[in-house]
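This report refers to the structure that appears directly beneath it.
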Amino acid sequence: MKRIVESPLLFLIANICLCLCSFTWAVAQDSKPTKGLASAVPSTKDSKLETAIFGGGCFWCTEAVYQRVNGVKSIVSGYAGGTVPNPSYKAVTTGATGHAEVVQVTFDPDIVSFEELLLVFFKTHDPTSLNQQGADIGTQYRSVVFYADDAQRLATEKIRDKLVDEKIYRKIVTEISPQPEFYPAEAYHQNYFNTHPQESYCRSVIVPKIAKFEKLFEDISRKNAEKRARKEKKESKK
């Protein structure tokens, strides 16, 4: 389970330090975007882009996986599905607000489909586990898809049922609900894995998820797409 600082003073100091670090990183990224990874800032320049909201346990994990999907343009970690406006991370971790940790994914459907994003979602976390992913326990870690429209709802139900019919999973407990208000998480949660790769949680929990994604989804891996582009560019110069 992710560690939470218990002392109020230490919690305040830790948050200030983390926010300052995240702010410094964000400023740097404005002038020099992270190569090969989806931005943590949503793009609004292209009207054909679509959004999807997924909750697959800790949002650090879900964010890190979707950052490596080709066609994903931006990702924002946040909270959705609760009853309290503008919740804080500390409040959400109690489970009392009803929110789930989620990611809002903005993607180009001409490059990657919603159905492909769904398959990534279902196969990189455990959709059979109710309110728990590994050591992360509580309703805030529930498996959930918040659909934007009927097309997303129907696609989610279809793929869920197909995975059960094909006996990939015996039973899927993923919540499928209309998109509620989405609240972006605090700055220090954004792009978390990429800025904290050496943390024990990142190494023990997130790295295996990324490896699983790269193994199962070679066709839509951003890394592989970049390799193909470099190869094509090299061959075009011959």
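547 is the number of the first residue of the sequence shown in the working numbering; add one for each residue after it.
Positions of the beta carbon are idealized from the N, C-alpha and C atoms, including for glycine.
Computed from a predicted structure; not experimentally measured.
| Item | Value |
| --- | --- |
| According to DSSP, simplified to helix, strand and coil, what is Phe600? | strand |
| Given that a residue counts as buried once 16 or more other Cβ atoms are within 10 Å of its Cβ, and exposed if not, what is Asp656? | exposed |
| When we look at the beta-carbon of Ile562 and count the other beta-carbons within 10 Å, is it buried (16 or more) or exposed? | Low confidence applies to Ile562: its pLDDT is 43, below 50, so where it sits in the model is not reliable enough to give any reading. |
| One question on the structure: do Val630 and Arg768 come within less than 8 Å of each other, judged by their Cβ atoms? | no |
| Counting only runs that start and end within the region 725 to 754, where is the beta strand (DSSP E) found for 3 or more residues in a row? | 728 to 730 |
| Would you list, in sequence order, the uninterrupted beta strand (DSSP E) runs of no fewer than 3 residues that lie entirely inside the region 625 to 710? | 646 to 653, 689 to 693 |
| For Asp672, which residues from the same chain have a beta carbon less than 7 Å from its beta carbon, with the 5 sequence-adjacent residues on both sides left out? | Gln679 |
| Which whole-angstrom value is the C-beta distance of Ser689 and Val649, which I expect to be below 8 Å? | With 8 Å as the limit, Ser689 and Val649 do not qualify as a contact, their Cβ atoms being about 13 Å apart. |
| For Glu760, which residues does DSSP report across the bridge? | None; Glu760 has no bridge partner. |
| For the pair the region 632 to 652 and the region 754 to 762, tell me if three or more CB-CB distances fall below 8 Å. | no |
| Within 10 Å of its beta-carbon, does Ser623 have 16 or more other beta-carbons around it, so buried, or fewer, so exposed? | buried |
| How big is the Cα-Cα spacing for Trp571 and Gln736? | Low per-residue confidence applies at Trp571: pLDDT is 38, beneath 50, and the placement is therefore not dependable enough to give any value. |
| Is Gly627 closer than 8 Å to Phe667 when the C-beta atoms are compared? | no |
| Please confirm whether Ile752 and Phe763 have their CB atoms less than 8 Å apart. | no |
| Is it buried or exposed for Lys619, if we count other Cβ within 10 angstroms and need 16 for buried? | buried |
| Going by other Cβ atoms of all chains shown within 10 Å of its Cβ, with 16 needed for buried, is Lys581 buried or exposed? | At Lys581 the pLDDT is 49, less than 50, meaning the model places this residue with poor confidence; the figure from the coordinates comes in the next sentence. It is exposed - the Cβ of Lys581 has fewer than 16 other Cβ atoms within 10 Å. |
| What span of residues does the alpha helix (DSSP H) with Glu781 cover, start to end? | 768 to 782 |
| Where DSSP assigns a beta bridge to Glu721, which residues make up the other side? | Val690 |
| Buried or exposed: Leu663, going by 16 or more other Cβ atoms within 10 Å of its Cβ? | buried |
| Exposed or buried, Ala697, counting other C-beta atoms within 10 Å across all chains shown (16 or more means buried)? | exposed |
| So the candidates are Glu772, Ala771, Lys777, Pro730; which of them puts its Cα closest to the Cα of Glu609? | Pro730 |
| Measure the alpha-carbon distance for Phe660 versus Gln725 and round it to whole angstroms. | 15 Å |
| Quick check on Asp682: buried or exposed, where buried means 16 or more other Cβ atoms within 10 Å of its Cβ? | buried |
| Quick one: what's Val611 bridged to in DSSP? | None, per the DSSP bridge assignment. |
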